[in-house]
Amino acid sequence: MMLLTKKMIQIRSLLQTIGQSETLTLPSIVVIGSQSSGKSSVLEAIVGHEFLPKGSNMVTRRPIELTLVNTPDAHAEYGEFPALGLGKITDFTQIQKTLTDLNLAVPPSQCVSDDPIQLRIYSPNVPDLSLIDLPGYIQVVGRDQPADMKEKIAELCEKYIQQPNIILAISAADVDLANSTALRASRKVDPRGERTIGVITKMDLVDAARGNDILTDRKYALRLGYVGVVSRIPQPSTGLFKRGNGNITSAIVKNEHSYFSSHPTEFGPEASVSVGTTNLRKKLMTVLETTMASSLKSTSEAIQSELAEATYEFKVQYNDRPLSAETYLAESLDAYKHSFRQFSETFGREEVRSLLKTELDQQVLNLLAQRYWNKPLQDLNTPLPEADPLSELPKADPEHPLWTLKLDASTASLTKLGIGRLATTVVAKALQAQVDRLTATSTFASHPFARKAISEASTSILKDLSYDISDELEICIKPYKYRVEVNDAEWSHGRENITGVLKEELRVCEGAVKDVENEVGGRKRLKDVMGFIDRVRGGQVVLEGDGVGGAGGFSASLLRRGRDAVFLRDRADIIKMRLLAVKSKQCANRKNKYYCPEVFLDAVADKLTTTADLFLDAELLSKFYYSFPRELDAKLGHSLSKDDIERFAREDPKIKRHLDVVKRKDLLEHVLKEMDALRALEAREVRRGGNR
Ligand code: GDP
């Protein structure tokens with residue numbers, strides 16, 4: 004019953020998924036031998052395929068951890084490199100090529116590496132075995148090889164042939180056993196020959212009597228004994244088989260059998276020696292199974308202590324908080340939707356209104372500056388017609404038809420501004436900014452994948468909604484394009500509001516002058532340059548050239564800043580003047596709308612805002628608040644595969660560590676249970692009088 008090895012191999016594969024630690028190495032059969040001793044041939048005879056790298060240039064530079072998995076019910080034979088994720092490889096020449104590439108990737112200067120290559124082979128024709136192939140010992144270092152190569156190989160082999168591994172020491176029959184490097188190395192670590200199996204290859208190259216002598220050697224007695232083999236692959240010309248992907252075991256075995264059976268005295272049943280690849284395979288299985296059994300206890304203990312460590316970490320670092328990628332995603336999503344709901348409760352019609360009104364206040368100010376109180380910034384070399392900087396400002400003259408026209412045109416500019424689009428865009432942008440803010444403060448912040456999904460969800464919903472909404476809103480405000488009536492209450496409200504807006508604008512202007520003042524290095528300096536500019540504009544000073552290179556003792560950049568300040572000062576003066584006008588008695592009466600365009604335009608803007616906020620609240624906000632969480636569910640919920648979710652959760656290093664600990668702990672618990680079951684089974688076997 005070879006159940007134990009199989010189970011233990013499965014357990015090892017499991018442990019490898021969480022990064023097997025040093026303490027958890029399960030026993031393997033380590034294959035050592037000199038170069039050309041026939042090491043590869045033996046391994047290939049066991050596997051039944053040529054798959055090892057061949058070539059004169061020392062091709063094995065890394066240990067190959069070869070796991071053979073017997074799959075009794077399958078037909079296919081294939082290999083897998085678990086660390087490479089290449090999937091099942093059914094073509095053994097491809098495996099050979101991959102192994103060659105992996106080995107050649109070790110730079111020749113380094114000659115060998117102790118980083119093992121993991122290879123699993125699944126086949127109904129292989130036994131369950133765990134083997135490690137190592138670089139062959141060399142006798143002399145080649146001219147183009149590093150001088151310490153011999154020692155490095157020996158060191159690497161020595162590292163692997165330690166307890167509890169079994170040593171498969173390969174020696175060729177045509178070389179004196181006293182000269183076998185493999186046996187010498189094994190004796191060093193296993194002086195009593197308790198865990199070494201001697202394999203004598205090339206039995207066909209010595210005469211049968213000598214072959215028998217070697218196998219019954221007493222000088223280098225091994226408790227597990229010697230096995231003689233002829234594992235050379237018969238040439239295709241013998242017609243026994245075709246080279247390629249077919250299984251070669253039977254061809255080798257047939258060839259071997261014909262040799263040994265032709266010398267019955269030396270190798271027959273009477274000779275009491277062990278020969279043949281088939282016997283070798285059996286021996287390997289039995290020995291490994293026994294070793295596995297005897298290491299059950301220590302392995303269990305090692306797993307127990309790993310588990311204790313993981314449990315401790317889980318408790319101390321994570322407060323025993325269970326976590327899986329799925330629950331993490333679900334919790335994150337819930338928390339996000341919750342904060343979104345909270346936001347949606349604080350962002351309604353009122354907030355939309357204030358956003359839109361602020362936007363339209365700006366539009367009103369721009370219109371006023373353009374159509375009414377504009378005084379273009381003069382070039383330095385174009386003096387103003389009159390000395391008083393405000394003298395050329397038009398005086399409001401309500402009697403004049405021009406002033407009627409002016410107000411009608413300004414009103415039209417406002418109503419035909421494209422409020423539908425403007426208002427929708429402003430609100431959609433504000434919503435998007437809120438979503439981004441929520442994302443940045445949520446657990447999703449450290450998950451690029453989720454951040455992208457959320458942002459895409461909101462953008463696409465807002466884009467779809469905005470398209471229709473802006474057109475529909477435009478239709479809603481259509482009546483105002485023809486006629487806007489303002490009643491007393493609206494007028495006085497407008498008057499109040501625009502006063503606030505003008506005051507704020509004045510504050511901003513004066514603040515900007517202060518900034519320029521600080522920039523140029525003081526009030527006095529700025530005053531001087533502004534005085535100079537005023538004199539130029541007033542014609543009191545004639546500027547030579549265009550002043551670009553500086554003038555009046557002021558540098559070009561100082562003049563530029565001075566001009567900015569003059570502009571700001573003039574604007575502040577205009578605003579002050581208009582504030583006085585708006586506050587005046589005349590503007591208290593809506594009949595005087597031509598005299599007070601600010602108030603009238605503000606009232607118009609207010610009407611537009613009222614229409615828009617009502618509409619946007621109903622159409623944009625409520626629809627967005629409905630669709631967005633559902634879209635999140637779709638994007639981050641049901642549509643994700645298990646792998647996606649795992650990848651998502653692991654994007655955050657903190658979560659990844661937490662998940663790893665949970666996984667490690669769960670796995671070790673599972674493995675420990677399996678081990679306990681195996682130990683119980685093993686104990687029963689022993690009680691039943693098994694031969695272990
Ligand atoms: P490695 O360098 O130890 O892996 O040795 P190989 O398995 O590559 O074998 C070296 C050479 O010995 C090859 O040419 C094999 O064909 C040959 N060889 C291996 N085993 C036998 C054998 O049992 N009998 C004979 N005659 N030749 C063998």
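Under the working numbering, think of the first position of the sequence shown as 4, with each following residue one higher.
Note that the Cβ used here is the ideal one computed from N, Cα and C, for glycine as well.
Judged by beta-carbon spacing, Phe618 lies within the 9 Å limit of Ile472, meaning their Cβ atoms are closer than that value.
Going by C-alpha positions, Val516 is about 10 Å away from Gly565. Judged by DSSP in its simplified three-state form, Arg187 adopts helix. Looking only at Ile478, Thr502, Glu259, the smallest Cα-Cα distance to Asp364 is reached by Thr502.
For Ser174, the uninterrupted beta strand (DSSP E) segment begins and ends at 169-175. Tyr339 sits in a helix when the DSSP states are folded into three classes.
For Asp136, the enclosing beta strand (DSSP E) begins and ends at 132-136. Between Leu71 and the set Gly22, Asp147, Met11, Val202, the nearest pair of CA atoms involves Met11. In this structure, the C-beta of Asp131 stays at least 8 Å away from each heavy atom of the ligand GDP. If you look at Leu69, you'll find it in the beta strand (DSSP E) that goes 67-73.
Exposed is the label assigned to Arg440, since fewer than 16 other Cβ atoms lie within 10 Å of its Cβ. In the structure shown, Thr204 adopts extended strand secondary structure according to DSSP, grouped into three states. Straight across, the Cα-Cα distance linking Ala433 with Ser461 is about 12 Å. In this chain, the alpha helix (DSSP H) harbouring Glu493 covers 491-523. The nearest non-hydrogen atom of the ligand GDP is less than 8 Å from the C-beta of Val232. Between the C-alpha atoms of Gln142 and Lys153 there is a straight-line separation of about 7 Å. Taking 8 Å as the cut-off, the C-beta of Lys205 counts as close to a heavy atom of the ligand GDP.
Assigned with DSSP and collapsed to three states, Glu83 falls in strand. The three-state reading of DSSP puts Gly640 in helix, counting H, G and I together. Taking every protein chain shown into account, the CB of Gly90 has fewer than 16 other CB atoms within 10 angstroms, so this residue is exposed. The beta carbon of Ala456 lies closer than 7 Å to those of Lys638, Leu639 in the same chain, with the five residues before and after it left out. When Asn168, Arg540, Tyr163, Thr302 are compared, the shortest CA-CA separation from Glu677 is found for Thr302. Counting along the chain, Gln121 sits inside the beta strand (DSSP E) bounded by residues 120-126.
Here Tyr485 is exposed: its Cβ has fewer than 16 other Cβ atoms, across all protein chains shown, within 10 Å. In the structure shown, Tyr597 adopts coil according to DSSP, grouped into three states. Counting along the chain, the unbroken alpha helix (DSSP H) around Ile472 starts and ends at 451-479. Secondary-structure assignment with DSSP links Thr199 through a beta bridge to Ile170. Bounds of the beta strand (DSSP E) holding Gly231 are 229-231. Distances from the CB of Gly279 to the heavy atoms of the ligand GDP are all 8 Å or more. When DSSP reads this structure, Ile141 sits in no beta bridge, so it has no partner. The criterion of a C-beta distance shorter than 9 Å is satisfied by Pro119 and Arg65.
For the pair Glu477 and Thr614, the Cα-to-Cα distance works out to about 10 Å.
Contact fails between the stretch 145-152 and the stretch 175-194, because fewer than three Cβ pairs, one in each stretch, are under 8 Å apart. The distance from the Cβ of Glu348 to that of Leu425 is about 26 Å, inconsistent with a contact at the 8 Å cut-off. Val278 is not a Cβ neighbour of Val209, given a cutoff of 9 Å. Nearest to His260 by alpha-carbon distance, out of Thr281, Val45, Asn250, is Thr281.
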